[in-house]
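J.:
Residue numbers (UniProt numbering), protein chains in the order written: chain F, 1 to 166; chain P, 1 to 166.
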């Protein structure tokens, strides 16, 4: 199920995944970034101002109509290098474990990543964006407009993370 | 590929989907809401204060550890009633078409919905939340903590939408 060779760290817990899948995904494009090894990726998107390119497959390119008027987008992509069975895990650089659903780690039952990006330019089926931190060649799943009215929650708090930094 | 019986509206464009899927998803729980017909669902989550329940399957329940300290969560779910081949579409109540990736419509190549919810209570493998607008019984794909530092963009603009309301 996984090509993650790091094994399980102390305190981590794996579950048994179902034998079959319930639904299927189409890869609709690829993300091009400067990072070809996981160790080189920024720890989160705010750590890098690098411009990245999202290339949408020709079959889906017409779906980009009107996207140039979106200042920010949600990019959903597939973290295909991550193991999927960890329910409790300890990310790199962390001393303690947390439940998978309280983390943004790539290791999760459905490794769908979610990043908010700033849309810099549109050229046919290629978007130039700022705000990604994934490996070069990562498969693209979806693009959505960012609506501040429903998506922006500046007051949101993650207690375990706030305690860690405090 | 679809049980959407509404067909294609004037100006909408469908593409040819690939014959095979590239990756598979596990449904990790179900979402319980007051709405059993699409016509009854709120048009967006801000239109309803209804409390909804997210039930995580026992195999994944340990992944909820520490989630109670998250004020807001991202809920990713599967819109399994939507057709997947539309690249240009005209949502209900709209006069004009837009590219699929400039819309939050459920009809998209990978019908993964994304909603920010307020976490109200945690009881074992059941979360009470506010801010969903989906059908009762919708399959759950993922839960993620909302980090204001990377996810909140109050300044974001969607030009076609702003022009429509202006």
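Idealized CB from N, CA, C, for every residue including glycine.
Does DSSP put residue 2 (chain F) in a helix, a strand or coil?
T.: Numbered from 1 along the first chain, position 2 holds the residue referred to as residue 2 (chain F). Note that residue 2 (chain F) has pLDDT 42, beneath the 50 cutoff, so the model's placement of it is unreliable and the number below is only indicative. Three-state result, residue 2 (chain F): coil.
J.: Taking 8 Å as the CB-CB limit, is residue 132 (chain P) close to chain F?
T.: Within the second chain, the letter at position 132 stands for residue 132 (chain P). Chain F contact via Cβ: absent.
J.: Can you list the residues of chain F that residue 129 (chain P) reaches, using a CB-CB cut of under 8 Å?
T.: Working through the second chain from its first residue, we reach residue 129 (chain P) at position 129. In chain order: nothing, as chain F lies at least about 13 Å away.
J.: Where in the segment 62-113 of chain F do unbroken runs of the alpha helix (DSSP H), each at least 4 residues long, occur, reported from the N-terminal end onward?
T.: none
J.: Tell me which residue opens and which closes the beta strand (DSSP E) that residue 23 (chain P) is part of.
T.: To locate residue 23 (chain P), count along the second chain from 1; it is residue 23. Taken as a continuous stretch (DSSP letters only), the beta strand (DSSP E) holding residue 23 (chain P) covers 23-25.
J.: Can you give me, in chain order, the residues of the segment 24-55 of chain P that have a beta carbon less than 7 Å from any beta carbon in chain F?
T.: 24, 25, 26, 27, 28, 44, 45 and 46
J.: What would DSSP say about residue 9 (chain P), mapped onto helix, strand or coil?
T.: Translated into the one-based positions of the second chain, residue 9 (chain P) becomes position 9. In the structure shown, residue 9 (chain P) sits in coil (DSSP, three-state: anything other than H, G, I, E or B).
J.: Quick one: what's got a C-beta closer than 8 Å to residue 17 (chain P)'s C-beta in the same chain, skipping five residues either side?
T.: Translated into the one-based positions of the second chain, residue 17 (chain P) becomes position 17. Counting only Cβ-Cβ distances below 8 Å, and skipping sequence neighbours, we find 1, 84, 85 and 109.
J.: Please classify residue 40 (chain F): does DSSP put it in a helix, a strand, or coil?
T.: For this step, residue 40 (chain F) is matched to residue 40 along the first chain. In this structure, residue 40 (chain F) counts as helix in the three-state DSSP scheme.
J.: Do you know whose CA, among P:53, P:62, P:14 and P:55, lies nearest residue 14 (chain F)'s CA?
T.: Taking the first chain and counting its residues from 1, one reaches residue 14 (chain F) at position 14. For residue 14 (chain F), the nearest C-alpha among the options comes from P:62.
J.: Check for me: the beta strand (DSSP E) holding residue 173 (chain P) runs from which residue to which?
T.: The requested residue 173 (chain P) does not occur in the structure, where chain P is confined to residues 1 to 166.
J.: At least one CB of chain P closer than 8 Å to the CB of residue 150 (chain F): is that the case?
T.: For the purposes of this step, residue 150 (chain F) is taken as the residue at position 150 of the first chain. Residue 150 (chain F) counts as touching chain P.
J.: Would you say residue 112 (chain P) and residue 142 (chain F) are within 8 Å of each other, going by their C-beta atoms?
T.: For the purposes of this step, residue 112 (chain P) is identified with residue 112 of the second chain, where counting begins at 1. For the purposes of this step, residue 142 (chain F) is identified with residue 142 of the first chain, where counting begins at 1. Cβ atoms of residue 112 (chain P) and residue 142 (chain F): closer than 8 Å.
J.: Have a look at P:96, P:25, P:20 and P:7 and flag the residue whose alpha-carbon is nearest the alpha-carbon of residue 160 (chain P).
T.: Working through the second chain from its first residue, we reach residue 160 (chain P) at position 160. Nearest option by C-alpha distance: P:96.
J.: Starting from residue 150 (chain P) and walking both ways along the alpha helix (DSSP H), at which residues does that stretch end?
T.: Working through the second chain from its first residue, we reach residue 150 (chain P) at position 150. Unbroken alpha helix (DSSP H) run through residue 150 (chain P): 148-151.
J.: At least one CB of chain F closer than 8 Å to the CB of residue 10 (chain P): is that the case?
T.: Counting from 1 along the second chain, the entry for residue 10 (chain P) is found at position 10. Not one chain F Cβ lies under 8 Å of residue 10 (chain P).
J.: Below 8 Å on the Cβ atoms is my contact criterion, and I expect residue 46 (chain P) with residue 72 (chain F) to pass it. Report the Cβ-Cβ distance as a whole number of Å.
T.: Position 46 of the second chain holds residue 46 (chain P). Position 72 of the first chain holds residue 72 (chain F). Wrong, their Cβ atoms sit about 18 Å apart, outside the cutoff.
J.: To which residues does DSSP link residue 123 (chain P) through a beta bridge?
T.: For this step, residue 123 (chain P) is matched to residue 123 along the second chain. Residue pairing by DSSP puts residue 123 (chain P) in a beta bridge opposite P:126.
J.: Where does residue 155 (chain F) fall in DSSP's three states?
T.: Indexing the first chain from 1 puts residue 155 (chain F) at position 155. Correct three-state label for residue 155 (chain F): coil.
J.: Determine the closest residue to residue 60 (chain P) out of P:49, P:89, P:27 and P:69, with distance taken between C-alpha atoms.
T.: For this step, residue 60 (chain P) is matched to residue 60 along the second chain. Distance from the Cα of residue 60 (chain P) is smallest, within the candidate group P:49, P:89, P:27 and P:69, for P:27.
J.: For residue 41 (chain F), which residues in the same chain have their Cβ closer than 6 Å to its Cβ, ignoring the five residues on either side in sequence?
T.: To locate residue 41 (chain F), count along the first chain from 1; it is residue 41. In the same chain as residue 41 (chain F), and ignoring 5 residues on each side of it, the C-beta atoms closer than 6 Å to its own belong to 35 and 133, in chain order.
J.: At the 8 Å Cβ level, is residue 106 (chain F) part of the contact set with chain P, yes or no?
T.: The residue you call residue 106 (chain F) lines up with position 106 of the first chain. Residue 106 (chain F) does not count as touching chain P.
J.: Who are the Cβ neighbours of residue 145 (chain F) in its own chain at under 6 Å, not counting the five residues just before and after it?
T.: Residue mapping note: residue 145 (chain F) aligns to position 145 of the first chain, counting from 1. For residue 145 (chain F), where only same-chain residues beyond five positions count, the Cβ hits under 6 Å are 70.
J.: Going by other Cβ atoms of all chains shown within 10 Å of its Cβ, with 16 needed for buried, is residue 58 (chain F) buried or exposed?
T.: Here residue 58 (chain F) refers to the residue found at position 58 when the first chain is read from its first residue. Exposed, because fewer than 16 other Cβ atoms sit within 10 Å of the Cβ of residue 58 (chain F).
J.: Closer than 8 Å by C-beta to residue 51 (chain P): which residues in its own chain qualify, once you throw out the five before and the five after it? Chain order, please.
T.: Taking the second chain and counting its residues from 1, one reaches residue 51 (chain P) at position 51. Excluding sequence neighbours, residue 51 (chain P) sits near 120, 128, 129 and 130.
J.: Can you tell me the Cα-Cα spacing of residue 53 (chain F) and residue 33 (chain F), whole angstroms?
T.: Reading the first chain from its first residue, position 53 is the one you call residue 53 (chain F). Reading the first chain from its first residue, position 33 is the one you call residue 33 (chain F). Approximately 7 Å between the Cα atoms of the pair.
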